[in-house]
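In the numbering used here, the protein residues as written are -10 to 330.
Below, the structure written as structure tokens:
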């Protein structure tokens, strides 16, 4: 299986640069796994495809304003830092630009010295471990100085930080949003509950590896980045009970899917707990938990497009993407949605 098998041609103007004013006003492409039939709908029509007794699984991770701009203490040279993951008390693994001069011992000042960082050592992939110093609460300092780490293909500045956050975001820790959830409003979630559909929460902190291109031509040689996940006991029970009763488990986003598929045993029972996952799902994978997927349109040749293809079949997915391009759907993080069931 080759990476180039997952290429499709996307005109630049179809990459959504800004979120819609109304979250749920996006379009929805419905793809049937059974026969490949495609329907063009609006996202609020999602209610028609959910049945009483189904369970919607949402990822309640919260994006932190992880992009910081500062300058080197000694030279005054500009530095950009992206917080990737917490590695200890006030120690973070970071992506640093420019990286050449970011050597151990170098100190970086942010916001006139409100926050300082000292590079401790080199980590894997050329990242750096940085020890931060500040007064008060780190999250509050970060909220004051940091920017949302929008994906590289979004060039417009985000006016409202909350628009790169789901309405149910709760647990700090992501460097990117679980974007399939951006379409849901509080009102729509309430309508989902009223229909008799259960909603289960899981947490997976999305890493920047989400946007890392697949650089090998042989798909199976690609190594996935690790991400931290949590499945609480009562949420696992809710999902397992849904399966037992014959309901469907529908994941909101590839991150919810990867969490369930990582935490499920071969017996198809979801285990509660937490840990790191580097699960890589591509065609040929046998799904243990997921019966339906709500997702956005993904980058050509990406691991996310491979996951979607594993679920619905590569030919069907590539055909659906071609149709979405023809119908001028909006693509990627702030774009339209797709329901596969």
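All residues carry an ideal CB built from backbone N, CA and C; glycine is no exception.
The model shown is predicted, which means the values in this text are computed figures rather than measured ones.
Buried or exposed for residue i, going by 16 or more other Cβ atoms inside 10 Å?
i           : result
residue 48  : buried
residue 92  : exposed
residue 368 : Any question about residue 368 goes unanswered here, given that the chain covers just -10 to 330.
residue 330 : buried
residue 67  : exposed
residue 234 : exposed
residue 292 : buried
residue 81  : buried
residue 103 : exposed
residue 74  : buried
residue 145 : exposed
residue 267 : exposed
residue 14  : exposed
residue 224 : buried
residue 334 : Because the chain in this structure spans residues -10 to 330, residue 334 falls outside the shown range and cannot be described.
residue 203 : buried
residue 119 : buried
Would you identify the three-state DSSP class for residue i, choosing helix, strand or coil?
i           : result
residue 113 : helix
residue 219 : strand
residue 31  : strand
residue -9  : strand
residue 2   : helix
residue 230 : helix
residue 91  : coil
residue 235 : coil
residue 104 : strand
residue 174 : coil
residue 37  : helix
residue 166 : coil
residue 180 : helix
residue 224 : helix
residue 197 : helix
Could you tell me which residues DSSP pairs with residue i in its beta bridges?
i           : result
residue 51  : 161
residue 348 : As shown, the chain starts at -10 and ends at 330. That puts residue 348 outside it, with no answer to give.
residue 83  : 72 and 117
residue 60  : 67 and 98
residue 327 : 18 and 284
residue 77  : 80
residue 320 : 4
residue 242 : For residue 242, which the question treats as bridged, DSSP gives no partner whatsoever.
residue 207 : -9
Kindly examine the ligand ATP and report whether one of its heavy atoms sits closer than 7 Å to the Cβ of residue i.
i           : result
residue 199 : Inclusion of the ligand ATP in the displayed structure is not the case, the ligand content being empty and no account of it being possible.
The region 179 to 199 touching the region 276 to 283, judged by at least three CB pairs closer than 8 Å: No, they do not touch.
Contact the region 218 to 228 vs the region 305 to 315: 3+ CB pairs below 8 Å: The region 218 to 228 vs the region 305 to 315: no contact.
Secondary structure, beta strand (DSSP E): runs of 3+ residues fully inside the region 106 to 154: DSSP runs (the beta strand (DSSP E)) wholly in the region 106 to 154: 117 to 123.
Touch test, the region 27 to 40 against the region 180 to 187, Cβ-Cβ under 8 Å, three pairs minimum: Flag = yes, the region 27 to 40 and the region 180 to 187 touch.
The region 296 to 311 in contact with the region -7 to 3 per 3-pair CB rule at 8 Å: Three or more Cβ pairs drawn from the region 296 to 311 and the region -7 to 3 lie within less than 8 Å of each other, which places the two stretches in contact.
At least three beta-carbon pairs within less than 8 Å, the region 99 to 116 to the region 26 to 37: Three or more beta-carbon pairs separated by less than 8 Å are not found between the region 99 to 116 and the region 26 to 37, which leaves the two stretches without contact.
Inter-stretch contact at 8 Å, needing at least 3 Cβ pairs: the region 204 to 212 / the region 234 to 248: They do not touch, by the three-pair rule.
Stretch-stretch touch, CB-based, cutoff 8 Å, three pairs: the region 254 to 264 with the region 295 to 307: Contact fails: fewer than three Cβ-Cβ distances are below 8 Å.
Complete runs of the beta strand (DSSP E) confined to the region 245 to 315 [at least 3 residues]: Listed in chain order, the complete beta strand (DSSP E) runs (minimum 3 residues) inside the region 245 to 315 are 262 to 266 and 281 to 285.
At least three beta-carbon pairs within less than 8 Å, the region 49 to 57 to the region 132 to 147: Taking one beta carbon from each stretch, the region 49 to 57 and the region 132 to 147 have 3 or more pairs nearer than 8 Å; the two touch.
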